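Asker: Handing you this structure, nothing more for now.
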Amino acid sequence: MPNLIEMNRIKKSFAGVAALQSANLNVTPGEVHAIIGQNGAGKSTLIKILTGVYRKDDGEVKINGNVAVISTPREAQDAGIATIYQELSLVPLRSVTENVMMGYEPRTRLGLINWTAAHKRTQEILTRFGIDIDVRAQLGSYSTAIQQLVAIARAVSMNAQLVIMDEATSSLDDQEIEILFGVVRELKKEGVAVLYISHFLDELYQICDRVTIMRDGQTVAQHVISETTKLGLISEMLGRDPEEIKAAGMTGLGGNSKAPGEVLLQAKSIETGRGLKDVSVAIRKGEIVGLGGLLGSGRTEAARALFGLDTLRSGSIARGGGKSAFKTPAEAIAEGVGFLTEDRKREGIIPHMSVRENMTLALLPQLKKMGHVDRKRETELVEGFIKSLGIKTAGMEQPIRELSGGNQQKVLLARWLALEPDILILDEPTRGVDVGAKLEIQSIIREYVDKGLGILLISSEFEELVEGADRIVVLQDGYSVSELQNPGVTEESLIAAIAHHHERTA
Amino acid sequence: MTQDNHTAVASDTTRKLSWGMITQNGGVVALLVILLFNVLVTPNFLHPQTLFVNISQVATIAIVAVGMTLVIATGGIDLSVGAIMALAGAIAPLIFTSAFAEANPELGLALAIIVPIFVALLCGVFNGAMVSFLNVQPIVATLIFFISGRGIALVLTNGNLQTFSNPAFSYLGTGKILGFPFQGYLVIVIAVAVWWLMAYTVFGRQLLAVGGNERAAQLSGIPVKRVKIGAYVICAGLSGLAGLIVVAINSASDAARIGNLMELDAIAAAVVGGTLLQGGKAPIFGAILGAIIIQLVKYTLLANGVADEVALIAKAGIIILAVYVQQARKE
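Line by line, the protein sequences are chains B and W. Using UniProt numbering, the first residue of the first sequence is number 1, and each one after it goes up by one. Using UniProt numbering, the first residue of the second sequence is number 1, and each one after it goes up by one.
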């Protein structure tokens with residue numbers, strides 16, 4: 001069968017950093033095709049090139065065998081490509097009909113909108129997907145699932161040949177997901193292709209025909225889904241051939257495991273409104289506890305709960321001395337807990353401020369001397385960290401935004417180390433950092449752990465977890481399901497623990 | 001401020017010198033152009049009297065602009081400054097013309113200054129609490145006093161013009177030290193104090209952090225809500241003081257007119273002075289410079305027989321230019 005979409009050797013860089021290098025994708029009419037890959041693998045960049053949001057640097061896009069130039073989302077729509085985003089791009093306060101017909105309303109002879117025809121046509125479109133709702137009602141009065149289905153219906157009514165669903169199920173409950181899958185199967189029957197992006201691998205086996213796996217801006221494999229195993233998919237996604245990794249010592253985290261110290265923080269069966277269901281984890285003095293799991297398994301959510309960002313629905317968090325959980329980050333910091341966030345740009349740096357000001361941000365209250373900041377002590381402290389962490393900067397007064405990612409990360413790490421905390425939560429501490437800086441950051445962390453710091457390490461890089469962590473708590477869908485003890489953990493056993501389906505007792 | 005310039009210059013050496021110089025020092029260049037124009041065109045511009053008139057007029061704009069700069073630095077905006085000026089300006093004469101103040105002149109005078117400023121501070125607490133605890137958009141939160149503040153002032157005074165003769169109070173607006181208007185010194189003291197606050201204190205640093213990246217600030221344990229309220233309180237307090245100065249200059253209080261359109265002048269001064277509307281920067285002396293430019297443009301047009309209404313249009317032009325220069329600088 002000829003390909004509906006063919007993307008060959010697509011290249012794309014942002015500010016000199018390659019996001020895609022030679023990525024390929026082909027989708028045949030009427031198939032459900034999945035794209036999977038870690039964060040930063042290039043999935044969304046590839047999709048955005050297909051939908052005209054970004055322009056490719058090199059390579060070709062063919063639609064129905066003809067080379068196509070798509071440079072705006074509108075052109076993609078006209079070429080029959082419709083995208084359903086995670087956040088819906090509909091108007092919740094207008095009626096279902098208005099949303100479905102927007103821009104294509106049937107007119108009366110006087111040029112006014114023919115509402116009777118519009119409602120009737122909308123009803124027809126929705127019935128095709130087995131949705132029976134009042135099309136005159138406000139769209140916002142229906143559930144997210146229905147809204148999503150309406151968006152799909154709209155796409156199909158505009159003669160889409162390809163519907164792209166980006167994390168479409170992430171906000172749906174099980175029953176709604178079933179309805180959505182019904183619609184996907186219906187689309188398939190009508191010959192419409194679906195490009196399906198999801199972090200939930202189980203879903204792929206339910207509805208997808210083929211899968212394309214991406215890693216580091218490249219397409220690494222394409223399979224018929226029935227011929228794959230989940231373990232196989234995960235190891236391809238992560239690029240980890242278990243044999244090859246045994247050449248140890250690839251990260252700077254590895255160190256001599258000592259006997260663990262006293263318990264600094266203990267979380268028991270914590271649950272929050274953000275998708276954390278039942279997680280238990282303890283952090284001891286002088287050890288690195290890893291949190292393993294796929295994206296969406298609740299790793300960051302667990303960190304947020306421990307740091308006092310999300311309130312607990314149930315369960316308990318106790319600090320060493322038996323004190324209860326923190327209600328705000330300020331309380332956590334005062335109690336010696338730091339949190340290096342995953343999103344450096346949005347939750348870390350203050351771009352206008354200098355390296356010095358960024359580094360001492362959390363420490364400020366302690367630098368107070370007679371009503372003002374003790375500049376002398378501040379300067380000494382910052383100088384010390386710039387030297388000891390090897391931060392490359394033109395000077396401590398340089399705005400942090402001008403530093404490279406790795407050096408920004410070191411400044412943020414110093415922000416927390418300056419507080420001399422007992423516990424440091426590190427969420428993806430080496431993401432988006434070049435190899436050299438990565439090793440340096442890892443050895444800085446190890447150095448502090450040897451001095452007694454307790455670390456909770458979240459990392460999507462299995463290598464970092466397996467070599468760095470003394471223990472790894474494995475999370476799955478918001479539950480902590482098992483715990484692996486080092487030495488003895490291999491990437492293979494970690495992947496197996498993550499992929500293995502655990503029966504829940506909850 | 002000084003250190004802002006320092007880093008900016010350091011990182012800008014690669015840019016084309018001529019255009020870079022103008023965008024970096026746009027305010028100073030504009031000021032020089034206006035001064036030169038006036039020296040050549042406006043009659044009697046170099047007369048000392050001209051200087052005094054301008055100082056006494058610019059003082060209120062400058063004081064409010066300093067407060068506005070802090071609020072804008074948090075990423076907010078304060079539309080209520082003019083109304084708070086009117087409120088403070090209406091309360092003061094009520095106090096020192098009361099029977100109690102006639103009997104105790106010193107105490108009465110002190111209260112006539114303290115009470116209005118206290119009321120202004122309370123308005124600031126209200127603004128700040130609306131913004132930080134109820135998450136109301138700053139423009140809407142401060143709109144409440146923008147509308148009601150002047151109303152309250154008019155109700156308090158029954159809408160009458162209150163005239164008075166109280167030399168001690170009028171010193172605020174007409175006093176002179178070494179021949180220069182008292183409020184000119186006041187502006188300098190306030191500007192230096194607030195500059196110090198922003199550059200050297202924990203509060204100042206935290207305020208800039210909140211404006212620069214609120215999420216990061218919160219995650220670093222900064223009491224974001226308290227810091228924001230602080231900015232609105234300082235802004236309101238300074239507005240109250242400015243209201244008193246206006247009343248003192250005129251020896252009369254007209255609640256309908258005090259501080260009318262002051263919010264626009266103050267925002268314009270802050271923007272011309274280099275404050276980013278998205279927050280994170282508080283160039284205090286820039287705001288003073290901005291206030292001087294706006295005042296001088298007003299004066300230039302007035303002294304050359306151009307109607308006040310046209311001056312408003314000119315002001316709009318300055319704001320557009322300032323924002324344009326800001327955009328150019330960002331690239």
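In this text, a Cβ means the ideal position worked out from N, Cα and C, and glycines have one as well. Note that the structure is predicted; figures quoted are calculated from it, not measured.
Does serine 220 (chain W) get closer than 8 Å to chain B when you measure Cβ to Cβ?
Answerer: Along the second sequence, one-based indexing puts residue 220 (chain W) at 220. Closer than 8 Å to some Cβ of chain B, the Cβ of serine 220 (chain W) qualifies, so yes.
Asker: Quick check on this structure: which residue in B:Ala418, B:Leu361, B:Arg375, B:Gln366 has the alpha carbon closest to the alpha carbon of leucine 389 (chain B)?
Answerer: Residue numbering aside, residue 389 (chain B) sits at position 389 when the first sequence is read from its first letter. Looking at the Cα atoms, B:Ala418 is the closest of the given residues.
Asker: Aspartate 166 (chain B): buried (16+ other C-beta within 10 angstroms of its C-beta) or exposed?
Answerer: As a position in the first sequence, residue 166 (chain B) is number 166, starting the count at 1. Under this definition aspartate 166 (chain B) is a buried residue.
Asker: Could you tell me whether any Cβ in chain W is nearer than 8 Å to the Cβ of isoleucine 245 (chain B)?
Answerer: Along the first sequence, read from residue 1 onward, the residue named residue 245 (chain B) stands at position 245. Residue placement at isoleucine 245 (chain B) cannot be trusted, given a pLDDT of 35 that sits under 50; the coordinates are not used to answer.
Asker: Taking Cβ positions, are leucine 162 (chain B) and isoleucine 270 (chain B) nearer each other than 8 Å?
Answerer: The residue you call residue 162 (chain B) lines up with position 162 of the first sequence. The residue you call residue 270 (chain B) lines up with position 270 of the first sequence. Going by C-beta atoms, leucine 162 (chain B) is not nearer than 8 Å to isoleucine 270 (chain B).
Asker: Could you check what DSSP says for phenylalanine 158 (chain B) in three-state terms: helix, strand or coil?
Answerer: Position 158 of the first sequence holds residue 158 (chain B). Here residue 158 (chain B) is methionine; the residue named in the question, phenylalanine, does not match the sequence. Correct three-state label for methionine 158 (chain B): coil.
Asker: Using a Cβ-Cβ cut-off of 6 Å (strictly less than) and excluding sequence neighbours within five positions of glutamate 244 (chain B), which residues of its own chain qualify?
Answerer: By 1-based counting over the first sequence, the position of residue 244 (chain B) is 244. Residue placement at glutamate 244 (chain B) is poorly supported in this model, since its pLDDT is 45, which falls under 50; the coordinates are not used for a value here.
Asker: Quick one: what's got a C-beta closer than 7 Å to glutamine 398 (chain B)'s C-beta in the same chain, skipping five residues either side?
Answerer: Here residue 398 (chain B) refers to the residue found at position 398 when the first sequence is read from its first residue. So the list reads Ser354, Val355, once near-sequence residues are dropped.
Asker: Under 8 Å between the Cβ atoms of serine 165 (chain W) and serine 251 (chain W)?
Answerer: Stepping through the second sequence from its first residue, residue 165 (chain W) is reached at position 165. Stepping through the second sequence from its first residue, residue 251 (chain W) is reached at position 251. Result yes, Cβ atoms of serine 165 (chain W) and serine 251 (chain W) sit closer than 8 Å.
Asker: First and last residue of the alpha helix (DSSP H) that includes tyrosine 205 (chain B)?
Answerer: Counting from 1 along the first sequence, the entry for residue 205 (chain B) is found at position 205. From DSSP, the alpha helix (DSSP H) with tyrosine 205 (chain B) extends over 201 to 207.
Asker: CB phenylalanine 126 (chain W) to CB isoleucine 84 (chain W), shorter than 8 Å?
Answerer: Translated into positions along the second sequence, residue 126 (chain W) becomes position 126. Translated into positions along the second sequence, residue 84 (chain W) becomes position 84. No, the Cβ-Cβ distance between phenylalanine 126 (chain W) and isoleucine 84 (chain W) is not below 8 Å.
Asker: Would you mind sorting lysine 369 (chain B) into buried or exposed? The rule is 16 or more other CB atoms within 10 Å of its CB.
Answerer: If you number the first sequence from 1, residue 369 (chain B) lands on position 369. With fewer than 16 other Cβ atoms within 10 Å, it is exposed.
Asker: Using the beta-carbon of each residue, which ones in chain B are nearer than 8 Å to alanine 209 (chain W)?
Answerer: Here residue 209 (chain W) is taken as the residue at index 209 of the second sequence, counted from 1. Under the 8 Å cutoff, chain B gives Ile350, Met353, Glu357, Leu361.
Asker: May I ask you to report which of helix, strand or coil DSSP gives alanine 221 (chain B)?
Answerer: Locating residue 221 (chain B) in the first sequence gives position 221, where the first residue counts as 1. In the structure shown, alanine 221 (chain B) sits in a strand (DSSP, three-state: E or B).
Asker: Quick one: what does DSSP say lysine 277 (chain B) is sitting in, helix, strand or coil?
Answerer: If you number the first sequence from 1, residue 277 (chain B) lands on position 277. Here lysine 277 (chain B) sits in coil by DSSP.
Asker: Roughly how many angstroms lie between the CA atoms of isoleucine 72 (chain W) and alanine 287 (chain W), to the nearest whole one?
Answerer: Locating residue 72 (chain W) in the second sequence gives position 72, counting from the first residue. Locating residue 287 (chain W) in the second sequence gives position 287, counting from the first residue. Straight-line Cα distance between these residues: approximately 11 Å.
Asker: Which residue from B:Asp422, B:Gly30, B:Lys327, B:Arg299 puts its Cα closest to that of glycine 336 (chain B)?
Answerer: For this step, residue 336 (chain B) is matched to residue 336 along the first sequence. Taking only the C-alpha atoms, the option nearest glycine 336 (chain B) is B:Asp422.
Asker: Between which two residues does the beta strand (DSSP E) containing threonine 83 (chain B) stretch?
Answerer: Counting from one through the first sequence, the residue named residue 83 (chain B) turns up at place 83. Segment 81 to 84, the beta strand (DSSP E) holding threonine 83 (chain B).
Asker: Strictly under 8 Å for the Cβ-Cβ distance: is threonine 341 (chain B) near chain W by that measure?
Answerer: Reading the first sequence from its first residue, position 341 is the one you call residue 341 (chain B). Taking Cβ atoms only, chain W reaches closer than 8 Å to threonine 341 (chain B), which makes this a yes.
Asker: Is there at least one Cβ from chain B nearer than 8 Å to lysine 16 (chain W)'s Cβ?
Answerer: Within the second sequence, numbered from 1, the residue matching residue 16 (chain W) stands at position 16. The pLDDT assigned to lysine 16 (chain W) is 46, lower than 50, so where the model puts this residue is not dependable; a value taken from the coordinates is nonetheless given after this. Not one chain B Cβ lies under 8 Å of lysine 16 (chain W).
Asker: Given 8 Å as the limit, is there contact between the segment 110 to 127 of chain W and the segment 28 to 45 of chain W, that is, 3 or more CB pairs closer than that?
Answerer: As far as the Cβ criterion goes, the segment 110 to 127 of chain W does not touch the segment 28 to 45 of chain W, which means the pair count is below three.
Asker: I need the DSSP call for asparagine 24 (chain B), collapsed to helix, strand or coil.
Answerer: By 1-based counting over the first sequence, the position of residue 24 (chain B) is 24. Of the three classes helix, strand and coil, the one that applies to asparagine 24 (chain B) here is strand, per DSSP.
Asker: With a threshold of 6 Å on Cβ separation, who are the neighbours of arginine 274 (chain B) within its own chain once the five nearest residues in sequence on each side are excluded?
Answerer: Position 274 of the first sequence, counted from the start, is the residue given in the question as residue 274 (chain B). Glu301, Asp310, listed in sequence order.
Asker: Identify, in the order they occur along the chain, each residue of the same chain with its Cβ nearer than 6 Å to the Cβ of leucine 197 (chain W), setting aside the five sequence neighbours on each side.
Answerer: The residue labelled residue 197 (chain W) in the question sits at position 197 within the second sequence. Only Gly204 meet the Cβ criterion.
Asker: Give a yes or no on contact between the segment 66 to 73 of chain B and the segment 32 to 42 of chain B, applying the rule of three or more CB pairs nearer than 8 Å.
Answerer: The answer is no - the segment 32 to 42 of chain B does not touch the segment 66 to 73 of chain B, with fewer than three Cβ pairs under 8 Å.
Asker: Could you tell me whether the Cβ atoms of valine 466 (chain B) and isoleucine 498 (chain B) are closer together than 8 Å?
Answerer: On the first sequence, position 466 is the one that residue 466 (chain B) refers to. On the first sequence, position 498 is the one that residue 498 (chain B) refers to. Result no, Cβ atoms of valine 466 (chain B) and isoleucine 498 (chain B) do not sit closer than 8 Å.
Asker: I want to see whether chain W comes within less than 8 Å of isoleucine 444 (chain B), judged by CB atoms only; does it?
Answerer: Taking the first sequence and counting its residues from 1, one reaches residue 444 (chain B) at position 444. For isoleucine 444 (chain B), the answer is no, since every Cβ of chain W falls outside 8 Å of its Cβ.
Asker: Between which two residues does the alpha helix (DSSP H) holding serine 56 (chain W) run?
Answerer: As a working mapping, residue 56 (chain W) is identified with position 56 in the second sequence. Residues 48 to 73.
Asker: Does methionine 7 (chain B) come out as helix, strand or coil in the three-state DSSP assignment?
Answerer: Locating residue 7 (chain B) in the first sequence gives position 7, counting from the first residue. Residue state, collapsed to three classes: strand.
Asker: Does chain W have any CB closer than 8 Å to the CB of glutamate 380 (chain B)?
Answerer: In the first sequence, residue 380 (chain B) corresponds to position 380, counting from 1. No, its Cβ sits nowhere closer than 8 Å to a Cβ of chain W.
Asker: Per DSSP, glutamate 483 (chain B) forms a beta bridge with which residues?
Answerer: In the first sequence, counting from the first residue as 1, residue 483 (chain B) sits at position 483. Glutamate 483 (chain B) is bridged to B:Val473.
Asker: Could you confirm whether any beta carbon from chain W is found closer than 8 Å to the beta carbon of proline 365 (chain B)?
Answerer: The residue you call residue 365 (chain B) lines up with position 365 of the first sequence. So, interface residue.
Asker: Output the distance between the C-alpha atoms of glutamine 138 (chain B) and threonine 144 (chain B), rounded to the nearest integer angstrom.
Answerer: Residue mapping note: residue 138 (chain B) aligns to position 138 of the first sequence, counting from 1. Residue mapping note: residue 144 (chain B) aligns to position 144 of the first sequence, counting from 1. Cα-Cα distance, rounded: 13 Å.
Asker: Return the residue from the list B:Ile49, B:Leu46, B:Ser157, B:Thr45 that minimises the CA-CA distance to asparagine 99 (chain B).
Answerer: Residue 99 (chain B) sits at position 99 when you count from the first residue of the first sequence. The candidate whose alpha carbon is nearest that of asparagine 99 (chain B) is B:Ser157.
Asker: Could you tell me if proline 116 (chain W) is buried or exposed, where buried requires 16 or more neighbouring beta carbons within 10 angstroms of its beta carbon?
Answerer: Taking the second sequence and counting its residues from 1, the one referred to as residue 116 (chain W) is at position 116. The residue is buried, with at least 16 neighbouring Cβ atoms inside 10 Å.
Asker: Between glutamate 262 (chain B) and the rest of its own chain, which residues show a CB-CB distance below 7 Å, the 5 nearest in sequence each way excluded?
Answerer: As a working mapping, residue 262 (chain B) is identified with position 262 in the first sequence. Here the set comprises Arg284, Lys285, Gly320.
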